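K.L.:
What follows is a single structure, and I will ask about it in a moment.
Numbering (full-length UniProt numbering), first residue to last: 1 to 640.
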């Protein structure tokens, strides 16, 4: 969690005020020689950052000189810098009470102290007085206007708090050291986080056993003598992108590195090549669930302000494209950072100090719209956001649990907390599909390319390549219907469709994929010639009109024929037993002919194709249920 420090601002402001005190209050020249000597020592302690010593001596001095205005001002400034807002408020109000001709900067400082105490209407009044005072330093006036905007926003937000009940995740994850940047695995059973011991930042991983976190271990394969953190991992657990920082004039600062996991082992971390890393600062990555989109933070040229949020895509070959600024819909002239892209692929959480908020750095949420644009940005609300600076958050696949780091005991301590996510700020609920891809004849596990398509939109929602162990895992938004297509050279393609009704991480959708190897026609057995059901070819009800959602499947069938020019196939149409035998025969033949015609129009030689309708004569399930009748209404192809 980043902390904004105002010490230099307020101390410099204090320096401007010294000569203006002295009406009713007591100034430094009115002190006794002993008091002046003590005050000089206090100023030295303050300038050297020995704030405890400065406060101790100021307490003694002000007890002896209770009208010493400069002393109250300095002590109030130190109290604010150490977030002792109530003490800062008391001291700065004392300055106003003692001085009729006070420096207007005290109004600004007192307003910030009241913001820290969540006294937002009073803070707004003081800021309005400061802005209207005619103060000449324009940069500070502009900063005051931002604080005023925040105070007004916060006054309204605090009247309408959202439910927020964070709980410390506890031991063994929380420790006397600093823990932050937690990231939960797709199945909810693994937590990767950063732990800082002294000046060393490393990755740690915890496993959930019998409902409790246990077995916290350093991620030895990725940790180095340098600092690693701010990690993001694809949903299948096979790609990690993280921030790697090296010190020294020739080390390049912070850049994005990656590691891939196959067969249970992480590869040696490597710097991402191409234009993603520059001589500027690149950090805080977040990956889409399928690992094809990377969103990160950089202060490179071409942005809107300080730190901006950028994005780039990964090709099927594994190369990252040119980063693109995510635009003014997200970025501001301030610092926009700490992005977290939920597994729904549509909900982005990030932090910013450039938007109306509670003060400092607040957390925001934005969603990708149907037209491909991001917006609108909404503040997560109070008390998730406070007058202090907020850090990054992450949210579980099902959208129910949030994770973040905060200081339970003070600014030098960070622990990981979890909280139930309020529905109005939640992402779309997501679950996952997992299984294995294997050779149908040998049952050997194989790697292949799998594509998931949203049947309602016809758009691909995930494209994944599994490892040699055959396993795959894909995250999908619940409540929608999907098509799964699996392709591998030398095999017939596989297709399936299914509905995901609920996001239940304890009961994910399991789907194993058998791929049929392509054999020369003369060597094919009877089993090899078994028809392949085109499960994602759809027709209008009681019609041979192909629906648009069939296009992806038919194009894959065309691609299979293009890649195998000696292959000949027959298209078979089938129906259930609803209606007359004659009508069903005609409908099945018309539907088979529709697929045949589509392939002919795409350019397939008619000599390689045949079609035939079987009506209701070859059921593969009973016709006494909706599910059985749906299975019987099918279109197939078989090699001949």
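Every residue, glycine too, gets a C-beta built ideally from N, C-alpha and C.
Since the structure is predicted, the reported quantities are computational estimates derived from the model, not experimental observations.
In this structure, how does DSSP classify residue 602 when only helix, strand and coil are distinguished?
P.N.:
Helix at residue 602.
K.L.:
At which residues does the alpha helix (DSSP H) containing residue 121 begin and terminate?
P.N.:
120-131 is the span of the alpha helix (DSSP H), which, as asked, contains residue 121.
K.L.:
Cα separation between residue 134 and residue 111?
P.N.:
So the alpha carbons of these two residues sit roughly 17 Å apart.
K.L.:
Go ahead and pull the three-state DSSP assignment for residue 547.
P.N.:
Note: residue 547 maps to coil in three-state DSSP.
K.L.:
Beta strand (DSSP E) containing residue 90: first to last residue?
P.N.:
Careful: residue 90 lies outside any beta strand (DSSP E), inside the alpha helix (DSSP H) at 85-98.
K.L.:
Between which residues of its own chain and residue 551 is the CB-CB distance below 8 Å, once the five residues before and five after are set aside?
P.N.:
Cβ neighbours of residue 551 beyond the five flanking positions: 458.
K.L.:
Using C-beta distances below 8 Å, list every residue in its chain close to residue 374, excluding the 5 sequence neighbours before and after it, in chain order.
P.N.:
These residues qualify, in order along the chain: 326, 327, 329, 330, 348, 366, 367 and 368.
K.L.:
Can you give me the C-alpha to C-alpha distance between residue 261 and residue 171, rounded to a whole angstrom?
P.N.:
Whole-angstrom Cα-Cα distance: 28 Å.
K.L.:
Which residue wins for smallest C-alpha separation from residue 181, given the options 383, 414 and 288?
P.N.:
The shortest Cα separation from residue 181 among 383, 414 and 288 belongs to 414.
K.L.:
The alpha helix (DSSP H) spanning residue 33 covers which residue range?
P.N.:
From DSSP, the alpha helix (DSSP H) with residue 33 extends over 33-47.
K.L.:
Going residue by residue through the segment 127-170, where are the continuous alpha helix (DSSP H) segments of at least 4 residues, counting only ones entirely within it?
P.N.:
List check, alpha helix (DSSP H) in window: 138-159.
K.L.:
Report the three-state DSSP secondary structure of residue 629 (helix, strand or coil).
P.N.:
Residue 629 falls in the helix class under three-state DSSP.
K.L.:
Output yes or no for whether 8 Å exceeds the beta carbon distance between residue 464 and residue 474.
P.N.:
Closer than 8 Å, so yes.
K.L.:
Sort 466, 315, 28 and 497 by Cα distance to residue 509 and report the nearest one.
P.N.:
The shortest Cα separation from residue 509 among 466, 315, 28 and 497 belongs to 497.
K.L.:
Helix, strand or coil for residue 74, going by three-state DSSP, please let me know.
P.N.:
The answer is helix: DSSP assigns residue 74 an H, G or I state.
K.L.:
Going by DSSP in three states, residue 584 sits in which element: helix, strand or coil?
P.N.:
Residue 584 falls in the helix class under three-state DSSP.
K.L.:
So what does residue 256 bridge to, in DSSP terms?
P.N.:
Looking at the DSSP assignment, residue 256 forms a beta bridge with 243.
K.L.:
Go through its chain and collect everything with a Cβ distance to residue 554's Cβ below 6 Å, but skip five positions before and after it.
P.N.:
Only 598 meet the Cβ criterion.
K.L.:
Beta-carbon within less than 6 Å of residue 549's beta-carbon, same chain only, minus the 5 sequence neighbours each way: which residues are those?
P.N.:
If we look at residue 549 and ignore the five residues flanking it on each side, its Cβ neighbours are 455, 458 and 538.
K.L.:
Taking just the CA atoms, how far does residue 515 sit from residue 442?
P.N.:
The straight-line gap from Cα to Cα measures roughly 10 Å.
K.L.:
Hey, residue 479 and residue 452 are a contact pair by Cβ (cut 8 Å); roughly how many whole angstroms apart?
P.N.:
Rounded, the Cβ-Cβ distance is 15 Å, inconsistent with contact.
K.L.:
Apply the 10 Å Cβ neighbour rule to residue 324 and answer buried if 16 or more other Cβ atoms are within range, or exposed otherwise.
P.N.:
Result: exposed.
K.L.:
Using only the alpha-carbon positions, how far apart do residue 337 and residue 362 sit?
P.N.:
Those two C-alpha atoms are separated by around 10 Å.
K.L.:
Exposed or buried, which one is residue 620 when buried takes at least 16 other CB atoms within 10 Å?
P.N.:
Exposed is the call here.
K.L.:
Looking only at its own chain, which residues have a Cβ that is under 6 Å from the Cβ of residue 637, when we skip the five neighbours before and after it?
P.N.:
Excluding positions up to five away in sequence, the list reads 532, 569 and 571.
K.L.:
Helix, strand or coil, according to DSSP, for residue 370 in the structure here?
P.N.:
Three-state result, residue 370: coil.
K.L.:
Measuring only the C-alpha atoms, how far is residue 380 from residue 165?
P.N.:
Approximately 14 Å, taken between the alpha carbons.
K.L.:
Let's see if you can read the secondary structure: which residues bound the beta strand (DSSP E) around residue 181?
P.N.:
Looking at the DSSP string, the run of the beta strand (DSSP E) that includes residue 181 is 178-184.
K.L.:
Please work out which residues of its chain come closer than 7 Å, Cβ to Cβ, to residue 158, disregarding the five sequence neighbours upstream and downstream, and give them in chain order.
P.N.:
118, 120 and 382, listed in sequence order.
K.L.:
Report all residues from its chain with a CB closer than 6 Å to the CB of residue 610; omit the five preceding and five following residues, and keep chain order.
P.N.:
Counting only Cβ-Cβ distances below 6 Å, and skipping sequence neighbours, we find 570.
K.L.:
Residue 269 to residue 450, Cα distance in whole Å?
P.N.:
Answer to the nearest angstrom: the Cα atoms are 26 Å apart.
K.L.:
Tell me which residue opens and which closes the alpha helix (DSSP H) that residue 56 is part of.
P.N.:
Taken as a continuous stretch (DSSP letters only), the alpha helix (DSSP H) holding residue 56 covers 51-64.
K.L.:
Would you check if the distance between the CB atom of residue 403 and the CB atom of residue 418 is smaller than 8 Å?
P.N.:
Yes. Within cutoff.
K.L.:
Grab the span of the alpha helix (DSSP H) containing residue 359 for me, first residue to last.
P.N.:
Counting along the chain, residue 359 falls outside any alpha helix (DSSP H), and DSSP gives it neither H nor E.
K.L.:
Tell me the rounded alpha-carbon separation between residue 284 and residue 167.
P.N.:
Distance between the alpha carbons of residue 284 and residue 167: 24 Å.
K.L.:
Could you tell me which of 461, 416 and 432 sits nearest to residue 507, measuring between CA atoms?
P.N.:
For residue 507, the nearest C-alpha among the options comes from 432.
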